[in-house]
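Colleague: Sharing a structure, written as structure tokens. Questions coming.
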Amino acid sequence: MHTLTTTSSFLLTLFLSLHLTTSLPSNDTGNLSNCNQNFSCGILTNVTYPFTGGLRPSHCGPPEFGLTCEDESVTILKANSLSYRVNILDQTSQTLRLSRSDLYDDGKCTRQFTNTTLDDRIFSLGSSNELFLFYGCKKINDSGMGSDPLLKISRFSCENDGVTEEGFFSIVYPYGTEYSFPNTFECQTNIRVPIPETRAQQLLENGSLVGEVLKEGFDVSYGNPYSANCTECYKKHPGEYCGFDTQLGKPICICHDQLCP
10 MHTLTTTSSF
20 LLTLFLSLHL
30 TTSLPSNDTG
40 NLSNCNQNFS
50 CGILTNVTYP
60 FTGGLRPSHC
70 GPPEFGLTCE
80 DESVTILKAN
90 SLSYRVNILD
100 QTSQTLRLSR
110 SDLYDDGKCT
120 RQFTNTTLDD
130 RIFSLGSSNE
140 LFLFYGCKKI
150 NDSGMGSDPL
160 LKISRFSCEN
170 DGVTEEGFFS
180 IVYPYGTEYS
190 FPNTFECQTN
200 IRVPIPETRA
210 QQLLENGSLV
220 GEVLKEGFDV
230 SYGNPYSANC
240 TECYKKHPGE
250 YCGFDTQLGK
260 PICICHDQLC
270 P
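Quick note, our numbering runs 9 ahead of the 1-based positions in the sequence shown.
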């Protein structure tokens with residue numbers, strides 16, 4: 010009889026434990042605290058929802074808005090396998106200025122041969138042109154265009170495993186117009202990077218600015234795809250917080266560090 014009572018008590022405890030665990034959001038054990046905290050890093054201060062990072066845990070916003078702080082001064086946003094330095098973040102206008110981390114230090118040389126793409130559900134480019142960067146190019150001088158003035162401006166070199174390789178850039182203008190070069194150069198690869206429209210003509214006049222332009226970055230606006238859910242959350246529970254369950258992939262409403270009833 011004592012054994013049955015002990016067994017029954019154990020099963021009841023196990024059932025209640027499982028029930029409570031499955032009732033809680035999947036990205037934590039029920040402690041959904043610190044969404045009242047801000048993210049600050051270097052010149053960026055008091056950043057709030059939808060962004061997370063630093064003192065703001067991941068349950069305080071969608072994963073696409075996760076930020077990290079490097080060297081206590083550099084804010085990083087990761088998107089589609091690339092890391093971007095966040096140079097400007099304006100939550101009033103919902104705009105960012107981003108520059109690719111891999112191109113920031115050198116300005117034009119990279120080993121991450123990936124085009125610059127962002128989730129268009131969330132981010133949209135400002136007024137920009139596309140800068141094509143070509144790497145590992147051969148036969149530039151043999152192409153008959155080695156003395157072309159614009160090609161001279163746009164040529165650059167990069168070190169790759171101790172070997173100096175040639176490259177150049179080309180700019181695509183709006184509506185598909187492009188200043189480009191023949192593909193007889195036999196370049197190994199290329200990447201695309203947005204640049205501000207105001208900088209495109211400057212680059213064609215002075216190619217040495219390419220590093221500065223890439224470091225300056227490009228503007229994007231952002232929108233929260235879960236804003237309607239958050240509006241409903243704030244309406245039902247004034248003063249509380251909108252968050253996100255990363256495992257279930259859906260927004261949540263947080264009241265007093267717990268799921269709202």
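Quick reminder that beta carbons are idealized off the backbone N, C-alpha and C, glycines included.
1. Alpha carbons only, please: which of Pro59, Thr84, Thr119 is nearest the one belonging to Ser175?
2. In the DSSP assignment, the beta strand (DSSP E) including Cys262 goes from what residue to what residue?
3. Going straight from the alpha carbon of Leu33 to that of His68, what length do you get?
4. Would you list, in sequence order, the uninterrupted alpha helix (DSSP H) runs of no fewer than 4 residues that lie entirely inside the stretch 186 to 243?
5. Measure the Cβ-Cβ separation of Tyr231 and Ser137 and say whether it is below 9 Å.
6. With a threshold of 8 Å on Cβ separation, who are the neighbours of Gln211 within its own chain once the five nearest residues in sequence on each side are excluded?
7. Within the continuous alpha helix (DSSP H) that includes Leu127, where are the two ends?
8. Check whether the Cβ of Ile149 sits closer than 8 Å to any heavy atom of the ligand ATP, and report yes or no.
9. Look at the Cβ atom of Gln121, then the Cβ atom of Thr57, and state whether they are nearer than 9 Å.
10. In three-state terms, what does DSSP make of Asp99?
11. How big is the Cα-Cα spacing for Ile149 and Ile200?
12. With a threshold of 7 Å on Cβ separation, who are the neighbours of Arg130 within its own chain once the five nearest residues in sequence on each side are excluded?
13. Any idea what DSSP makes of Tyr93, helix, strand or coil?
14. From Asp254 to Pro260, what does the alpha carbon distance come to, in whole angstroms?
15. Just to check my reading of the structure: Leu1 and Ile180 have Cβ atoms closer than 8 Å, yes? What is that Cβ distance to the nearest angstrom?
16. Hey, would you say Thr125 sits closer than 9 Å to Leu91, going by beta carbons?
17. Which two residues bound the contiguous alpha helix (DSSP H) that contains Ser110?
18. Let me know if Ser108 comes out buried or exposed under the rule of 16 or more other beta-carbons within 10 Å of its beta-carbon.
19. So the beta strand (DSSP E) Ser166 belongs to, where does it begin and stop?
20. Going by beta-carbon coordinates alone, are Thr198 and Tyr113 separated by less than 9 Å?
21. May I have the straight-line CA-CA distance separating Asp80 from Leu86, to the nearest angstrom?
22. Thinking C-alpha only, which one of Lys224, Glu195, Cys196 is nearest Arg208?
23. Can you list, in chain order, the residues of its chain with a C-beta nearer than 6 Å to that of Asp111? Leave out the 5 residues immediately preceding and following it.
Modeller: According to the structure shown:
1. Reading the sequence as shown, one finds Glu at residue 175 and not Ser. For the residues Pro59, Thr84, Thr119, the minimum Cα distance to Glu175 belongs to Thr119.
2. From DSSP, the beta strand (DSSP E) with Cys262 extends over 259 to 264.
3. Below a pLDDT of 50, predicted positions are generally treated as unreliable, and Leu33, at 42, falls in that range; the measurement from the model is reported next regardless. Cα to Cα, Leu33 sits roughly 12 Å from His68.
4. 206 to 214, 219 to 225
5. no
6. If we look at Gln211 and ignore the five residues flanking it on each side, its Cβ neighbours are Leu218, Val222.
7. No alpha helix (DSSP H) contains Leu127, which DSSP labels as neither H nor E.
8. Ligands displayed in this structure: none; no statement on the ligand ATP is therefore possible.
9. no
10. strand
11. Taking the straight line from one Cα to the other gives about 18 Å.
12. Shown here for Arg130: same chain residues with a beta carbon closer than 7 Å to its own, the five before and five after excluded, namely Pro234 in chain order.
13. strand
14. Their backbone Cα atoms lie some 6 Å apart in a straight line.
15. It is not possible to answer for residue 1, since the shown part of the chain is limited to 10 through 270.
16. yes
17. 110 to 113
18. buried
19. 164 to 169
20. no
21. Between Asp80 and Leu86, the C-alpha separation is close to 14 Å.
22. It is Lys224.
23. Thr119, Gln121
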